[in-house]
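Novice: One structure coming up, written as structure tokens, with questions to follow.
There are 2 protein chains.
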Amino acid sequence: MITSGSMTLAARPTEATSVAHDRVYRDLRSRIMHGDLPPGQALTLRGIGKNYGVSMTPARESVRRLAAEGALTMSTSGRISTPELSNERIEELAALRALIEVELASRALPRAHMALIERMQTINAVIAEAVQRGDAVSYIRTNLEFHRTLYLRAQAPAMLAMAETVWLQMGPTMRALYGRLRRTEPPQFHRLIIAALKAGDEPGLRLAVRSDVTQGLRMLAS
Amino acid sequence: MITSGSMTLAARPTEATSVAHDRVYRDLRSRIMHGDLPPGQALTLRGIGKNYGVSMTPARESVRRLAAEGALTMSTSGRISTPELSNERIEELAALRALIEVELASRALPRAHMALIERMQTINAVIAEAVQRGDAVSYIRTNLEFHRTLYLRAQAPAMLAMAETVWLQMGPTMRALYGRLRRTEPPQFHRLIIAALKAGDEPGLRLAVRSDVTQGLRMLAS
DNA sequence: TGGACCCACTTGTGATCACAACAGCCCCCA
DNA sequence: TGGGGGCTGTTGTGATCACAAGTGGGTCCA
Chain S
203 MITSGSMTLA ARPTEATSVA HDRVYRDLRS RIMHGDLPPG QALTLRGIGK
253 NYGVSMTPAR ESVRRLAAEG ALTMSTSGRI STPELSNERI EELAALRALI
303 EVELASRALP RAHMALIERM QTINAVIAEA VQRGDAVSYI RTNLEFHRTL
353 YLRAQAPAML AMAETVWLQM GPTMRALYGR LRRTEPPQFH RLIIAALKAG
403 DEPGLRLAVR SDVTQGLRML AS
Chain V
203 MITSGSMTLA ARPTEATSVA HDRVYRDLRS RIMHGDLPPG QALTLRGIGK
253 NYGVSMTPAR ESVRRLAAEG ALTMSTSGRI STPELSNERI EELAALRALI
303 EVELASRALP RAHMALIERM QTINAVIAEA VQRGDAVSYI RTNLEFHRTL
353 YLRAQAPAML AMAETVWLQM GPTMRALYGR LRRTEPPQFH RLIIAALKAG
403 DEPGLRLAVR SDVTQGLRML AS
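Line order of the protein sequences matches chains S and V.
Just so we're aligned, residue 203 is where the first sequence starts under our numbering, counting upward by one.
Just so we're aligned, residue 203 is where the second sequence starts under our numbering, counting upward by one.
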């Protein structure tokens, strides 16, 4: 059983849906995306229901929805668990991140004003703190917030949704990767992204984003 | 009730799941992707259940899963319908198709042997027949089969799944578009795709695929 | 001591029911 | 004749139950 913690995900104004299955879905999704759960973690409908104080029905709908997004896998007998990704799958998802996020960054560039860049610098400082604390969950969450802050400016909701789906699938594995490679410094390419944004340098931005989303992969391969 | 047709989707050995919600899901998904349902078509859980001879529970799970993939939308009060896409959304989805499918085609190119190209030519002939009959559903289905046949060679299941998710979201709208623009000849860019495959011309292939997936859009804009 | 079998329990699936909310429709009155 | 209010039927939500299938462990025999 995982402690729900103070999830304070930035800027989600419309929160109170009050619909049970949606509340369960959102919380589980956030936990999975941010690496709260390790790869291969088993879950049960009755367990989820008891955790959220609901019956099996909303738990089942949440799980079904998350499974459709690739955030959970279901064995042939229906057992639920977080995915354990093969190396090929990880590489493919990283390639997808590169494809989609480079495009999102490129579309966001003309709209990236100074206030946005400053916000990204602030987030980057929070990432540095998380790295120093060795806090994997906080690092992953803040890192994704850095990217999402930029991509929201692209005004491309379908593309952003695709990118988030990839993040969701990689969540548990990202946590495991983080624990393995033991970062000691904040991501270097974030500086390049910010510099390219300030300079209005589109090719440089594309390269920086591509490098950033595939950097962890190179460390894994070694 | 729509005839399942001879989908002969290459290599789907494990078909009979016999699980009710999965059977409903697959049939609904196929119908939506291939344009059997117009945009804005309303659906009800009890109606779906009656159609497939099941209770509301499997119907609800199928709908929830399809909604998660963007194949269905749910109003704030929970009403279910196929999506009605804005022009901006259509353009965005076409851009996503271009991004992902160009990459898939590029990855498939080194593995595209003559047998595959011949199969694609056969499919292309079927497309021509569907166009002459003015059969929108058959045209959409065969056209997607043409693309999927190529992309399966890319050995990139996550990317292919993303591409299919986009197809799914565009399904109902594709049907409406087809009815509006009244094709009289088979897609010209399919020839270019096949020619580029034969020549091993990677830049040419990328351009042909990009042109093919965005051609309908240009007609819409006029 | 090692392995195979068996049983009990856990777990997902599907059906059914009660309920609240919304939609559409009709009627009535100005 | 037009618009507002109320009502009925429809629809999604969540809980509960019966059931089948698979898992895991414990026991018994060789």
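All residues carry an ideal CB built from backbone N, CA and C; glycine is no exception.
These numbers come from a predicted model, not from an experiment.
Would you verify that the beta carbon of V/Glu305 is, or is not, closer than 7 Å to some beta carbon of chain S?
Specialist: Here residue 305 of chain V corresponds to residue number 103 of the second sequence, with the count starting at 1. Judged by the 7 Å Cβ criterion, V/Glu305 is in contact with chain S.
Novice: Which value, in whole angstroms, describes the spacing of the CA atoms of S/Pro240 and S/Pro285?
Specialist: Within the first sequence, the letter at position 38 stands for residue 240 of chain S. Within the first sequence, the letter at position 83 stands for residue 285 of chain S. Answer to the nearest angstrom: the Cα atoms are 9 Å apart.
Novice: For V/Gly425, which of V/His236, V/Leu394, V/Asp403, V/Val265 has the nearest alpha-carbon?
Specialist: Outside the shown range of chain V, which is 203 to 424, sits residue 425 of chain V, and nothing can be said about it.
Novice: V/Arg281 lies in the alpha helix (DSSP H); which residues open and close that run?
Specialist: To locate residue 281 of chain V, count along the second sequence from 1; it is residue 79. Unbroken run through V/Arg281: none, as it is neither H nor E.
Novice: Measure the beta-carbon distance from V/Ala397 to V/Arg355 and round it to whole angstroms, keeping in mind my assumption that it falls under 8 Å.
Specialist: For the purposes of this step, residue 397 of chain V is taken as the residue at position 195 of the second sequence. For the purposes of this step, residue 355 of chain V is taken as the residue at position 153 of the second sequence. That pair is no contact at about 17 Å.
Novice: What did DSSP end up calling V/Ala410 once you bin it into helix, strand or coil?
Specialist: Start at 1 with the first residue of the second sequence, and residue 410 of chain V comes out as number 208. Residue state, collapsed to three classes: helix.
Novice: State the beta-bridge partners of S/Thr275 as determined by DSSP.
Specialist: For the purposes of this step, residue 275 of chain S is taken as residue 73 along the first sequence, with counting starting at 1. S/Ser283, per the DSSP bridge assignment.
Novice: Is the shortest distance between the beta-carbon of V/Arg266 and the beta-carbons of chain S less than 7 Å?
Specialist: As a first step, residue 266 of chain V must be located in the second sequence, where it is residue number 64. Yes, V/Arg266 counts as interfacial toward chain S.
Novice: Using a Cβ-Cβ cutoff of less than 6 Å, which residues in the same chain neighbour V/His223 once the five nearest sequence positions on both sides are dropped?
Specialist: Against the second sequence, residue 223 of chain V aligns to sequence position 21. These residues qualify, in order along the chain: Pro260, Glu263, Ser264.
Novice: How far does the alpha helix (DSSP H) with V/Thr324 in it reach, from first residue to last?
Specialist: Residue mapping note: residue 324 of chain V aligns to position 122 of the second sequence, counting from 1. Start and end: 316-335.
Novice: DSSP three-state call for V/Leu428: helix, strand or coil?
Specialist: Outside the shown range of chain V, which is 203 to 424, sits residue 428 of chain V, and nothing can be said about it.
Novice: Tell me S/Leu245's beta-bridge partners as DSSP assigns them.
Specialist: Taking the first residue of the first sequence as 1, we reach residue 245 of chain S at position 43. According to DSSP, which records beta bridges pairwise, S/Leu245 is partnered with S/Ile282.
Novice: Under a three-way DSSP split, which group does V/Val368 fall into?
Specialist: Your numbering for residue 368 of chain V matches position 166 in the second sequence. It is helical.
Novice: How long is the line joining the alpha carbons of S/Ile292 and V/Ala244, rounded to whole angstroms?
Specialist: As a working mapping, residue 292 of chain S is identified with position 90 in the first sequence. As a working mapping, residue 244 of chain V is identified with position 42 in the second sequence. For S/Ile292 and V/Ala244, the distance between alpha carbons rounds to 38 Å.
Novice: Could you give the first and the last residue of the continuous alpha helix (DSSP H) run that contains V/His236?
Specialist: Mapped onto the second sequence, residue 236 of chain V falls at position 34. Here V/His236 belongs to no alpha helix (DSSP H), and DSSP marks it neither H nor E.
Novice: With a CB to CB cut of under 8 Å and the five nearest residues on each side skipped, what residues in its chain are close to V/Tyr254?
Specialist: Within the second sequence, residue 254 of chain V is the residue found at index 52, counting from 1. Closer than 8 Å at the Cβ level, and outside the excluded window around V/Tyr254, lie Ala222, Arg225, Val226, Asp229, Pro260, Ala261.
Novice: Going along chain S in order, which residues have a C-beta closer than 7 Å to the C-beta of V/Leu364?
Specialist: Counting from 1 along the second sequence, the entry for residue 364 of chain V is found at position 162. Here residue 364 of chain V turns out to be Met, not Leu, going by the sequence shown. Residues of chain S passing the Cβ test: Leu298, Met364.
Novice: Taking a contact to mean a Cβ-Cβ separation below 7 Å, would you say V/Thr375 touches V/Leu287 in this structure?
Specialist: Here the question's residue 375 of chain V lines up with position 173 in the second sequence. Here the question's residue 287 of chain V lines up with position 85 in the second sequence. Cβ distance < 7 Å, so V/Thr375 and V/Leu287 count as in contact.
Novice: Using DSSP with H/G/I as helix, E/B as strand and the rest coil, what is S/Gln390?
Specialist: The count along the first sequence starts at 1 and reaches residue 390 of chain S at position 188. Helix at S/Gln390.
Novice: Starting from S/Arg313 and walking both ways along the alpha helix (DSSP H), at which residues does that stretch end?
Specialist: Numbered from its first residue, the first sequence carries residue 313 of chain S at position 111. From DSSP, S/Arg313 is part of no alpha helix (DSSP H); its letter is neither H nor E.
Novice: Going by C-alpha distance, which of S/Thr351, S/Leu394, S/Gly336 is nearest S/Arg377?
Specialist: What you label residue 377 of chain S is simply residue 175 of the first sequence in a count that begins at 1. When each option's Cα is compared against that of S/Arg377, the closest is S/Gly336.
Novice: Give me the residue from V/Gly242, V/Glu294, V/Met258, V/Pro312 with the minimum Cα distance to V/Ser283.
Specialist: For the purposes of this step, residue 283 of chain V is taken as residue 81 along the second sequence, with counting starting at 1. Cα-wise, what sits closest to V/Ser283 is V/Gly242.
Novice: Consider the Cβ of S/Leu301: report whether some Cβ of chain V lies at a distance smaller than 7 Å.
Specialist: Position 99 of the first sequence, counting from 1, holds the residue named residue 301 of chain S. S/Leu301 counts as touching chain V.
Novice: Under 7 Å Cβ to Cβ from V/Ala300, same chain only, skipping five residues before and after it: list those, please.
Specialist: Within the second sequence, the letter at position 98 stands for residue 300 of chain V. Closer than 7 Å at Cβ, skipping near neighbours: Arg412, Val415, Thr416.
Novice: Between S/Gly381 and S/Lys400, what straight-line distance do the alpha-carbon atoms span, to the nearest angstrom?
Specialist: Along the first sequence, read from residue 1 onward, the residue named residue 381 of chain S stands at position 179. Along the first sequence, read from residue 1 onward, the residue named residue 400 of chain S stands at position 198. Approximately 33 Å, taken between the alpha carbons.
Novice: In the structure shown, what three-state DSSP assignment does V/Gly251 receive?
Specialist: Numbered from 1 along the second sequence, position 49 holds the residue referred to as residue 251 of chain V. In this structure, V/Gly251 counts as helix in the three-state DSSP scheme.
Novice: Express the C-alpha separation of V/Ile319 and S/Glu347 in angstroms, rounding to a whole number.
Specialist: Numbered from its first residue, the first sequence carries residue 347 of chain S at position 145. Numbered from its first residue, the second sequence carries residue 319 of chain V at position 117. If you take the alpha carbons of S/Glu347 and V/Ile319, they lie about 44 Å apart.
Novice: Any idea if S/Ala410 is buried or exposed, counting beta-carbon neighbours within 10 angstroms, 16 or more meaning buried?
Specialist: The residue labelled residue 410 of chain S in the question sits at position 208 within the first sequence. Buried.
Novice: Taking only the alpha-carbon atoms, compute the straight-line gap between S/Gln371 and V/Met361 and give it to the nearest angstrom.
Specialist: Here residue 371 of chain S corresponds to residue number 169 of the first sequence, with the count starting at 1. Here residue 361 of chain V corresponds to residue number 159 of the second sequence, with the count starting at 1. Looking at the two C-alpha atoms, the distance is approximately 13 Å.
Novice: Mind reading off the beta-carbon distance from S/Arg350 to V/Ala270? Whole number of angstroms is fine, and I expect it under 8 Å.
Specialist: Here residue 350 of chain S refers to the residue found at position 148 when the first sequence is read from its first residue. Here residue 270 of chain V refers to the residue found at position 68 when the second sequence is read from its first residue. In fact, because the Cβ distance is near 19 Å, the residues do not count as touching under 8 Å.
Novice: Indicate whether at least one CB of chain S lies closer than 7 Å to the CB of V/Leu295.
Specialist: Taking the second sequence and counting its residues from 1, one reaches residue 295 of chain V at position 93. So yes, V/Leu295 belongs to the interface.
Novice: Give the residues of chain V in contact with S/Met361, contact being defined as C-beta atoms less than 7 Å apart.
Specialist: In the first sequence, the residue the question calls residue 361 of chain S occupies position 159. Correct list: Glu294, Leu298.
Novice: Check the Cβ of S/Glu271 against every Cβ in chain V and list those closer than 9 Å, keeping chain order.
Specialist: If you number the first sequence from 1, residue 271 of chain S lands on position 69. Simply Ala270, Glu271.
Novice: Answer with yes or no whether the minimum CB distance from S/Glu263 to chain V is below 7 Å.
Specialist: Working through the first sequence from its first residue, we reach residue 263 of chain S at position 61. True, the Cβ-Cβ gap to chain V drops below 7 Å.
Novice: By how many angstroms is the C-alpha of S/Ser257 removed from the C-alpha of V/Val304?
Specialist: The count along the second sequence starts at 1 and reaches residue 304 of chain V at position 102. The count along the first sequence starts at 1 and reaches residue 257 of chain S at position 55. Taking the straight line joining both Cα atoms gives about 45 Å.
Novice: CB V/Gly272 to CB V/Gly373, shorter than 7 Å?
Specialist: Taking the second sequence and counting its residues from 1, one reaches residue 272 of chain V at position 70. Taking the second sequence and counting its residues from 1, one reaches residue 373 of chain V at position 171. Cβ distance not < 7 Å, so V/Gly272 and V/Gly373 don't count as in contact.
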